[in-house]
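Visitor: Residues in the sequence shown are numbered consecutively from 35, following the working numbering. Below is one structure. I have some questions about it.
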Amino acid sequence: MKSSMLFIIITFIFFISTQSTLLKISSSKSEYCFYKDILEEDTIHLNFIISSEQSEKVEVVFKSSGDGKDLYVEKEAQNGEYKSEILPIGEYSLCFKSLESNEFFISFEFY
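Next up, the structure:
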């Protein structure tokens, strides 16, 4: 009984800490950025899916805000996944940049 209760609590904490977001983009050549502070050396996960009626060109960039170093770049992305085991303490940004003017959706998790 105690082990099943512990499993439920750990699962609940995981779902609370995971941020899943859906964006609807309808303006031309826009950039949307999201930021995350890493307070201790940690693992970071990024998953995204881009969908539209037409083939949308979206650039995805994940980088360290401290030194500006690109850790992940995907041009003309449709979906992707990135995982880094240990990141140094600091602020990191995830940016989606539309290269065309079509309406599209981005669904992503950044935890």
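Each residue gets a CB set at the ideal place from its N, CA and C atoms; glycine is no exception.
Taking the C-alpha atoms as reference points, what is the distance between Ser64 and Asp76?
Guide: Locating residue 64 in the sequence shown gives position 30, where the first residue counts as 1. Locating residue 76 in the sequence shown gives position 42, where the first residue counts as 1. So the two alpha carbons sit approximately 30 Å from each other.
Visitor: Please list, in chain order, all residues of the same chain as Gly114 whose beta carbon is under 7 Å from its beta carbon, the five residues on each side excluded.
Guide: Looking up residue 114 in the sequence shown gives position 80. Only Phe82, Val94, Glu108 meet the Cβ criterion.
Visitor: Since I believe Phe138 is in contact with Phe68 (beta carbons under 8 Å), could you give me their beta-carbon distance rounded to a whole number of angstroms?
Guide: As a working mapping, residue 68 is identified with position 34 in the sequence shown. As a working mapping, residue 138 is identified with position 104 in the sequence shown. The pair is not a contact, with the Cβ atoms about 17 Å apart (cut-off 8 Å).
Visitor: Consult DSSP for Gly102 and reduce its assignment to one of helix, strand or coil.
Guide: Taking the sequence shown and counting its residues from 1, the one referred to as residue 102 is at position 68. It is coil, neither helix nor strand.
Visitor: How is the beta strand (DSSP E) around Asn22 delimited, first residue to last?
Guide: Any property of residue 22 remains undetermined from this structure, which presents the chain solely from 35 to 145.
Visitor: In three-state terms, what does DSSP make of Asn136?
Guide: As a position in the sequence shown, residue 136 is number 102, starting the count at 1. It is coil, neither helix nor strand.
Visitor: For Glu119, I'd like the list of residues in its chain whose CB is within less than 6 Å of its CB, leaving aside the five on either flank, ordered along the chain.
Guide: Counted from its first residue, the sequence shown places residue 119 at position 85. Answer for Glu119: Thr77, listed in chain order.
Visitor: Grouping DSSP H, G and I as helix and E and B as strand, with all else coil, what is Phe49?
Guide: For the purposes of this step, residue 49 is identified with residue 15 of the sequence shown, where counting begins at 1. Residue placement at Phe49 is flagged as unreliable, the pLDDT there being 40, under the threshold of 50; the coordinate-derived value follows with that caveat. In this structure, Phe49 counts as helix in the three-state DSSP scheme.
Visitor: Taking Phe96 and Tyr116 to be in contact with their CB atoms under 8 Å, please state how far apart those CB atoms are, rounded to whole angstroms.
Guide: As a working mapping, residue 96 is identified with position 62 in the sequence shown. As a working mapping, residue 116 is identified with position 82 in the sequence shown. Confirmed, about 6 Å.
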